[in-house]
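2 protein chains.
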Amino acid sequence: MSETREKIISLADKLIRVNGFNAFSYKDIATPLEMKNAAVHYHFPGKADLGIGVINEDLQRFTQQTNKWQKLPEEEQLKHLIDVFRKHSQAGNICLMGSLAPDYNTLAPDMQRKVQEMCRAILHWLTNCLENGRKNKRFKFKGNAENRALLIITNLQASLLMSRVLGNTIFSRISEQLLDDILI
Amino acid sequence: MSETREKIISLADKLIRVNGFNAFSYKDIATPLEMKNAAVHYHFPGKADLGIGVINEDLQRFTQQTNKWQKLPEEEQLKHLIDVFRKHSQAGNICLMGSLAPDYNTLAPDMQRKVQEMCRAILHWLTNCLENGRKNKRFKFKGNAENRALLIITNLQASLLMSRVLGNTIFSRISEQLLDDILI
DNA sequence: GTCTATATTCCGATAGAC
DNA sequence: GTCTATCGGAATATAGAC
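Chains as they are written, first to last, in this note's numbering: chain X, 1262 to 1445; chain D, 1262 to 1445.
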């Protein structure tokens, strides 16, 4: 994978999180990297290709991270997940799900499928984490683990949205309360 | 208030919820209403004026509705709020907070202030509802009412986002579980 | 792999007639 | 209050030289 390609993806990732997918342009990529917009098109012919590239990178990073946490107690794994969101909160970012889901109807079909794949992967991991954590007496919660994963992931996604509007003390309040709810 | 103005606001509201604020144009308003884009500019000189008009309308509707629920038991009030979100879910909409918060950095300052005002108003109402409901032994939850309101409102906002991506059974699962958590 | 140059389309917005 | 006409700019994208 070329270094230029990596730089483009990294900057696009940031722009999606800060301004939204429909609100940034090839020029916003090209100018800071000191290239021409045509050069970006060489690496990513269409904007959807760029979006898919960003999601693939994010999914790969997510898999690497969760693999590293595999042997930890489940509450540590959950705290690590929350830390990922916290760092984004501090950087003024929102998560890719929270940024791309609102624009979903405007996305090309193959990019829509990628967004779906990303959401499913994260929910699947969190569901397993919660399920195992309850089995190992580290979590307590009502209902099944899938539904609980939905509640927690929506808290985290939208906490970044509300932090953007109301200031990022919001994130700490939400993440601390949700941990307090579920930890034994 | 002119009828044309009302129609423009109503359509803009729908477009913001379905495609996002930055993804619709004056043409998307003008064509279905069989006017010219210049006519829309007469009613709303800039796009931010239109956005602010939409939010004001939504805030007014919210106040009217919550006033109507005032005398009901708190769990009925909360269920009414959830119903508002449910109807949007069924219509393929997301809520204004979930649509405008991701685009927040790209909005004009006066529109940013309106978005803030809307979020604060909804959170304020929900906080009071939860506080009173706990006092009247209708709700049970840990922590203070403000934090609980943040958890619930983020569940509702992002449930619409996830419903868009993964299908709208998501909304029912989230709303049922959150009620089950809090009702006595 | 990156460039220049350009095509095409669309955007928000304004001027001025009616 | 709505129209026609148009401006200035920005967007995505492509052709073809280097």
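No residue lacks a Cβ here, since even glycine has one placed at the ideal position from N, Cα and C.
Residue-level contact to chain X via CB, residue i, 8 Å cutoff
i, result
"L1412/D", "yes"
"Q1325/D", "no"
"N1366/D", "yes"
"A1309/D", "no"
"L1276/D", "no"
"N1416/D", "yes"
Cross-chain neighbours of residue i in chain D, by beta carbon under 7 Å
i, result
"C1390/X", "Near C1390/X there are no residues of chain D at all, since even the closest Cβ is about 17 Å away, more than 7 Å."
"D1289/X", "Residues of chain D passing the Cβ test: none, with the nearest at roughly 12 Å."
"V1279/X", "N1366"
"N1317/X", "Residues of chain D passing the Cβ test: none, with the nearest at roughly 17 Å."
Sheet register partners of residue i (DSSP bridge)
i, result
"L1444/X", "F1400/X"
Neighbour list for residue i in chain X, Cβ cutoff strictly below 9 Å
i, result
"V1234/D", "Any question about residue 1234/D goes unanswered here, given that chain D covers just 1262 to 1445."
"N1393/D", "Here the premise fails: no neighbours, minimum Cβ distance about 19 Å."
Cut-off 6 Å between Cβ atoms - residues of its own chain near residue i, not counting five sequence neighbours on either side
i, result
"E1318/D", "I1270"
"N1416/D", "I1435, L1439"
"V1376/X", "L1361"
"S1424/X", "S1350, I1431, F1432"
"I1343/X", "S1436"
"G1404/D", "none"
"N1226/X", "Nothing can be reported for residue 1226/X, as the shown portion of chain X is limited to 1262 through 1445."
"M1379/D", "I1316, L1320"
Within-8 Å CB hit, residue i to chain D
i, result
"A1273/X", "no"
"M1372/X", "no"
"S1436/X", "no"
"K1268/X", "no"
"N1283/X", "yes"
"N1408/X", "yes"
Neighbourhood of residue i by C-beta, 8 Å cutoff - its chain only, sequence neighbours within 5 removed
i, result
"N1283/D", "D1364, T1367"
"S1420/X", "F1346, S1350, I1431, F1432, I1435, S1436"
"F1285/D", "A1273, L1276, I1277"
"Q1373/D", "Y1365"
Own chain, CB closer than 7 Å to residue i, minus 5 neighbours either side, in chain order
i, result
"R1409/X", "L1391, F1402"
"R1266/X", "H1304"
"K1288/X", "N1298"
"I1413/D", "L1387, L1439"
"A1273/X", "I1290, L1311, V1315"
"Q1418/D", "C1356, M1358, G1359"
"A1369/D", "A1309"
"G1281/D", "S1360, D1364"
"L1422/D", "I1355, G1359"
Interface residues of chain D facing residue i [CB-CB closer than 8 Å]
i, result
"D1441/X", "K1403, G1404"
Listed by chain order, chain X residues near residue i by CB distance under 7 Å
i, result
"I1431/D", "L1411"
"C1356/D", "What C1356/D touches in chain X: nothing, since even the nearest Cβ is about 10 Å away."
Partners in chain X for residue i, counting only beta-carbon separations shorter than 8 Å
i, result
"S1420/D", "L1411, T1415"
Residue i CB to nearest heavy atom of the ligand FAD below 7 Å
i, result
"D1310/D", "Annotation note on the ligand FAD: not contained in the displayed structure, which lists no ligands."
Listed by chain order, chain D residues near residue i by CB distance under 9 Å
i, result
"G1359/X", "G1359, A1362, P1363, A1419, L1422"
Inter-stretch contact (C-beta, 8 Å, three-pair minimum) for the segment 1294-1312 of chain X and the segment 1386-1402 of chain X: Contact between the segment 1294-1312 of chain X and the segment 1386-1402 of chain X is absent, because fewer than three Cβ pairs lie under 8 Å.
contact_flag[the segment 1326-1343 of chain X, the segment 1392-1399 of chain X] where n(CB pairs < 8 Å) is 3 or more: Taking a cut-off of 8 Å for Cβ pairs, the segment 1326-1343 of chain X and the segment 1392-1399 of chain X touch, as three or more such pairs fall below it.
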